[in-house]
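Colleague:
Residue numbers (this note's numbering), protein chains in the order written: chain Z, 6 to 120; chain E, 151 to 260.
1) Check whether the Cβ of residue 53 (chain Z) lies closer than 8 Å to any Cβ atom in chain E.
2) Work out the CA separation of residue 215 (chain E) and residue 224 (chain E) for me, nearest whole Å.
3) Could you tell me how far apart the beta carbons of residue 236 (chain E) and residue 187 (chain E) are, in whole angstroms, since I believe they sit closer than 8 Å?
4) With H, G and I counted as helix, E and B as strand and the rest as coil, what does DSSP make of residue 189 (chain E)?
5) Tell me which residue opens and which closes the beta strand (DSSP E) that residue 52 (chain Z) is part of.
6) Should the segment 164–175 of chain E be regarded as contacting the segment 87–98 of chain Z, the criterion being three or more beta carbon pairs within less than 8 Å?
7) Which bits of chain Z does residue 264 (chain E) rub up against, with CB to CB less than 8 Å?
8) From residue 206 (chain E) to residue 44 (chain Z), what distance separates their C-alpha atoms?
9) Beta-carbon within less than 6 Å of residue 18 (chain Z)'s beta-carbon, same chain only, minus the 5 sequence neighbours each way: which residues are those?
10) Confirm, please, whether the CB-CB distance from residue 93 (chain Z) to residue 150 (chain Z) is below 8 Å.
11) What is the rounded straight-line gap between the Cα of residue 111 (chain Z) and the Cα of residue 49 (chain Z)?
12) Using Cβ-Cβ distances below 9 Å, what residues of the segment 9–27 of chain Z are close to chain B?
13) Helix, strand or coil for residue 236 (chain E) per DSSP?
14) Who are the Cβ neighbours of residue 38 (chain Z) in its own chain at under 6 Å, not counting the five residues just before and after it?
15) Less than 8 Å between C-beta atoms, sequence neighbours within five positions excluded: which residues of the same chain meet that for residue 248 (chain E)?
16) For residue 290 (chain E), collect the residues of the same chain with a Cβ closer than 7 Å to its Cβ; drop the 5 residues on either side in sequence, then sort them by chain order.
17) Are the C-beta atoms of residue 171 (chain E) and some chain Z residue less than 8 Å apart?
18) Is it the case that the Cβ atoms of residue 259 (chain E) and residue 164 (chain E) are separated by a distance below 8 Å?
19) Taking residue 29 (chain Z) as the reference, which of Z:109, Z:8, Z:51, Z:60 has the closest Cα?
20) Using a Cβ-Cβ cut-off of less than 9 Å, give me the residues of the segment 188–221 of chain E that come near chain Z, in sequence order.
21) Just to confirm my understanding: we take residue 182 (chain E), look at its own chain, exclude 5 residues before and 5 after, and list those with CB closer than 8 Å. What are they?
22) So with CB distances below 7 Å, who are the chain E contacts of residue 48 (chain Z)?
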């Protein structure tokens with residue numbers, strides 16, 4: 006089955022701890038994205054990557070870091086510098102990521118709760 | 151500033167009727183606009199894409215219109231069913247990234 010997976014589905018962490026969210030895709034897509042979704046707000050772009058070993062900040066990158074060492078994987082680290090980390094995190098991929106015609110394929114999401 | 155507006159209030163309609171959702175945008179000149187469906191606790195799923203030179207696009211019971219003069223897209227679901235109940239997001243495509251609206255929650259009542 007082709008698709009995009011995120012793990013875990015639910016994650017709890019204590020304040021001040023870094024946490025890494027996993028995102029893997031077997032669609033052979035070049036571009037990958039991380040979004041954050043909060044109640045009453047649209048999806049907000051955190052980071053995106055169009056190619057291995059390259060990534061760009063999105064609209065709300067502060068307090069987050071990413072890596073893209075493999076085409077299939079784009080993990081997101083939520084650092085202790087992120088002031089309001091509790092949210093629903095969505096990973097997505099698309100074929101190229103250069104044009105708005107690219108359909109985005111989303112993973113099931115990870116709900117992070119910081120206690 | 152750039153803005154995408156969708157009615158944040160839920161839309162309730164009777165089964166069998168046509169649901170119409172609105173997406174308005176300001177300070178964009180999008181070449182493309184997309185619609186996605188999102189169920190609670192899940193990631194969005196792509197439904198339709200319409201280009202600026204297309205007035206209308208259809209897929210089964212779905213229809214999307216795109217009026218670049220009004221800066222508006224309408225999303226229609228005909229013969230709505232309870233299974234159509236979900237949140238529908240519009241998204242504007244730009245270079246290298248897509249910007250999403252807040253979404254409109256649709257509830258189809260049996």
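Just so it is clear, CB atoms sit at the ideal spot from N, CA and C, and this is done for glycine as well.
Modeller: Concretely, from the data shown:
1) Residue contact check for residue 53 (chain Z) against chain E: a CB pair falls below 8 Å.
2) 5 Å
3) Between residue 187 (chain E) and residue 236 (chain E) the Cβ distance is about 5 Å, and since that is below 8 Å, they are a contact.
4) Correct three-state label for residue 189 (chain E): coil.
5) For residue 52 (chain Z), the enclosing beta strand (DSSP E) starts and ends at 49–56.
6) no
7) As displayed, chain E neither begins before 151 nor continues past 260, which places residue 264 (chain E) out of reach and without an answer.
8) 31 Å
9) 24, 119
10) Any answer about residue 150 (chain Z) is impossible in this case: the structure gives chain Z only from 6 up to 120.
11) 14 Å
12) Looking at the structure shown, chain B is missing, and the protein chains on hand are Z and E.
13) strand
14) 53, 97
15) 184, 241, 242
16) This structure gives no information on residue 290 (chain E), because the portion of chain E shown stretches from 151 to 260.
17) No, no contact with chain Z.
18) Residue 259 (chain E) is a Cβ neighbour of residue 164 (chain E), given a cutoff of 8 Å.
19) Z:8
20) 188, 191, 192, 193, 194, 195, 196, 199, 201
21) 199, 200, 201, 202, 242, 243
22) 250
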